[in-house]
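**Student:** Attaching a single structure in structure tokens format; questions to follow.
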Amino acid sequence: SQQGEEDPQALSIQEGENATMNCSYKTSINNLQWYRQNSGRGLVHLILIRSNEREKHSGRLRVTLDTSKKSSSLLITASRAADTASYFCATDGTNFGNEKLTFGTGTRLTIIP
Amino acid sequence: NAGVTQTPKFQVLKTGQSMTLQCAQDMNHNSMYWYRQDPGMGLRLIYYSASEGTTDKGEVPNGYNVSRLNKREFSLRLESAAPSQTSVYFCASTGQVRQPQHFGDGTRLSIL
Numbered sequence: 263s264q265q266g267e268e269d270p271q272a273l274s275i276q277e278g279e280n281a282t283m284n285c286s287y288k289t290s291i292n293n294l295q296w297y298r299q300n301s302g303r304g305l306v307h308l309i310l311i312r313s314n315e316r317e318k319h320s321g322r323l324r325v326t327l328d329t330s331k332k333s334s335s336l337l338i339t340a341s342r343a344a345d346t347a348s349y350f351c352a353t354d355g356t357n358f359g360n361e362k363l364t365f366g367t368g369t370r371l372t373i374i375p
Numbered sequence: 075n076a077g078v079t080q081t082p083k084f085q086v087l088k089t090g091q092s093m094t095l096q097c098a099q100d101m102n103h104n105s106m107y108w109y110r111q112d113p114g115m116g117l118r119l120i121y122y123s124a125s126e127g128t129t130d131k132g133e134v135p136n137g138y139n140v141s142r143l144n145k146r147e148f149s150l151r152l153e154s155a156a157p158s159q160t161s162v163y164f165c166a167s168t169g170q171v172r173q174p175q176h177f178g179d180g181t182r183l184s185i186l
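Same order as they appear, the protein sequences are chains A and B.
My numbering puts the first sequence at residues 263 to 375.
My numbering puts the second sequence at residues 75 to 186.
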């Protein structure tokens, strides 16, 4: 079963607005990662946040992690047309031998020029 | 920088045919992965190779086999293709487990 579930499944906003998408997961994690996928392409890593971190920034991206609620959010500020893509969260387990990533179902983001 | 290269990009097969999907990385990564992506399902892990010489099953291994040919190459084989294996297949690699993975652009496979 999927570890991560993104919410919403799809999001359309005007260029320049902020976009927020959420990820929930079921079991304890070591790291949580966010990836972007442009249409017809492979996934590209955006940011990794460790279980002992609460917030992380990278350019226009801000990721938060709440391990007590088993949830994370990805905020993209001042959105651009080029941000149109699907966004996935991925988690890994805490146990030895359980380091594999489990991906959520993704949020499809459309930026309207 | 080529990164992760997958071949072919597209393929159409008939039920029962076999084929091998190729993946090569030029980043000297230890770990390599094969995923399939279906609409509304996200990515599901088929097989992975934590290091050269080892392979392990992922979430959906049935109907597939893999070979870690050397450190660079990791192939996925469908012995007898079924329509349920119609999907987009992605190969990924990473230097260390738990670290960000680098993905190829996928193989779009249709089985009729």
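We put the CB at the ideal spot given by N, CA and C, even for glycine.
The structure presented is a predicted model; accordingly, all values stated were derived computationally and were not measured.
If contact is defined by three or more beta carbon pairs under 8 Å, each pair taking one atom from either stretch, is the stretch 85 to 92 of chain B in contact with the stretch 101 to 115 of chain B?
**Tutor:** Cβ pair count under 8 Å is below three, so no.
**Student:** So with CB distances below 7 Å, who are the chain B contacts of residue 361 of chain A?
**Tutor:** Translated into the one-based positions of the first sequence, residue 361 of chain A becomes position 99. Ordered by position in chain B, the residues that pass the 7 Å Cβ test against residue 361 of chain A are 171 and 172.
**Student:** Please list, in chain order, all residues of the same chain as residue 122 of chain B whose beta carbon is under 8 Å from its beta carbon, the five residues on each side excluded.
**Tutor:** Working through the second sequence from its first residue, we reach residue 122 of chain B at position 48. The answer, listed in chain order, is 105, 106, 107, 108, 129, 130 and 132.
**Student:** Would residue 369 of chain A and residue 346 of chain A be called neighbours here (beta carbons separated by less than 7 Å)?
**Tutor:** Looking up residue 369 of chain A in the first sequence gives position 107. Looking up residue 346 of chain A in the first sequence gives position 84. Going by C-beta atoms, residue 369 of chain A is not nearer than 7 Å to residue 346 of chain A.
**Student:** Would you please state the rounded distance, in angstroms, between the beta carbons of residue 352 of chain A and residue 364 of chain A? I believe it to be under 8 Å.
**Tutor:** Numbered from 1 along the first sequence, position 90 holds the residue referred to as residue 352 of chain A. Numbered from 1 along the first sequence, position 102 holds the residue referred to as residue 364 of chain A. That pair is a contact at about 6 Å.
**Student:** If you draw a straight line from the alpha carbon of residue 342 of chain A to that of residue 182 of chain B, how long is it in whole angstroms?
**Tutor:** Locating residue 342 of chain A in the first sequence gives position 80, where the first residue counts as 1. Locating residue 182 of chain B in the second sequence gives position 108, where the first residue counts as 1. Their Cα atoms are separated by approximately 29 Å.
**Student:** What would DSSP say about residue 373 of chain A, mapped onto helix, strand or coil?
**Tutor:** Translated into positions along the first sequence, residue 373 of chain A becomes position 111. Note: residue 373 of chain A maps to strand in three-state DSSP.
**Student:** According to DSSP, is residue 100 of chain B helix, strand or coil?
**Tutor:** If you number the second sequence from 1, residue 100 of chain B lands on position 26. Three-state DSSP puts residue 100 of chain B in coil, outside helix and strand.
**Student:** Return no unless some Cβ of chain A is closer than 7 Å to the Cβ of residue 187 of chain B.
**Tutor:** It is not possible to answer for residue 187 of chain B, since the shown part of chain B is limited to 75 through 186.
**Student:** Output yes if chain B places a C-beta closer than 7 Å to the C-beta of residue 259 of chain A; else output no.
**Tutor:** Since the first residue of chain A shown is 263 and the last is 375, residue 259 of chain A is not available in this structure.
**Student:** Is there a Cβ of chain A sitting closer than 7 Å to that of residue 84 of chain B, yes or no?
**Tutor:** Here residue 84 of chain B refers to the residue found at position 10 when the second sequence is read from its first residue. Residue 84 of chain B does not count as touching chain A.
**Student:** Grab me the residues of residue 298 of chain A's own chain with a C-beta within less than 6 Å of its C-beta, minus the 5 sequence neighbours each way, in chain order.
**Tutor:** Working through the first sequence from its first residue, we reach residue 298 of chain A at position 36. Same-chain partners within the cutoff: 306, 308, 347 and 349.
**Student:** Taking residue 345 of chain A as part of the beta strand (DSSP E), name the residues at either end of that continuous run.
**Tutor:** To locate residue 345 of chain A, count along the first sequence from 1; it is residue 83. Segment: none, residue 345 of chain A is in no beta strand (DSSP E) and carries neither H nor E.
**Student:** Are the beta-carbon atoms of residue 310 of chain A and residue 293 of chain A separated by less than 7 Å?
**Tutor:** Looking up residue 310 of chain A in the first sequence gives position 48. Looking up residue 293 of chain A in the first sequence gives position 31. Contact flag set, yes.
**Student:** Beta-carbon of residue 112 of chain B versus every beta-carbon of chain A: anything under 7 Å?
**Tutor:** Position 38 of the second sequence, counting from 1, holds the residue named residue 112 of chain B. It does not; no Cβ of chain A falls within 7 Å.
**Student:** Please confirm whether residue 118 of chain B and residue 134 of chain B have their CB atoms less than 7 Å apart.
**Tutor:** Translated into positions along the second sequence, residue 118 of chain B becomes position 44. Translated into positions along the second sequence, residue 134 of chain B becomes position 60. Yes, they are a contact pair.
**Student:** Which of the three DSSP states, helix, strand or coil, is assigned to residue 364 of chain A?
**Tutor:** Locating residue 364 of chain A in the first sequence gives position 102, counting from the first residue. Of the three classes helix, strand and coil, the one that applies to residue 364 of chain A here is strand, per DSSP.
**Student:** With a cut-off of 7 Å, does the C-beta of residue 319 of chain A fall near any C-beta of chain D?
**Tutor:** Protein chains in the displayed structure are A and B, and chain D is not among them.
**Student:** So is residue 327 of chain A in contact with chain B if we call contact Cβ pairs under 7 Å?
**Tutor:** The residue you call residue 327 of chain A lines up with position 65 of the first sequence. Closer than 7 Å: no.
**Student:** What separation, rounded to the nearest whole angstrom, lies between the Cα atoms of residue 124 of chain B and residue 337 of chain A?
**Tutor:** Looking up residue 124 of chain B in the second sequence gives position 50. Looking up residue 337 of chain A in the first sequence gives position 75. The alpha-carbon atoms of residue 124 of chain B and residue 337 of chain A are separated by roughly 32 Å.
**Student:** Could you check which residue in B:83, B:95, B:82 and B:113 has the C-alpha nearest to that of residue 148 of chain B?
**Tutor:** Along the second sequence, one-based indexing puts residue 148 of chain B at 74. Checked all of B:83, B:95, B:82 and B:113; the closest Cα to residue 148 of chain B is B:95.
**Student:** Which runs of the beta strand (DSSP E) fall wholly inside the stretch 91 to 175 of chain B and span at least 3 residues, in chain order?
**Tutor:** Counting whole runs of 3 or more residues, the stretch 91 to 175 of chain B contains the beta strand (DSSP E) stretches 93 to 99, 105 to 112, 116 to 123, 138 to 142, 148 to 152 and 161 to 168.
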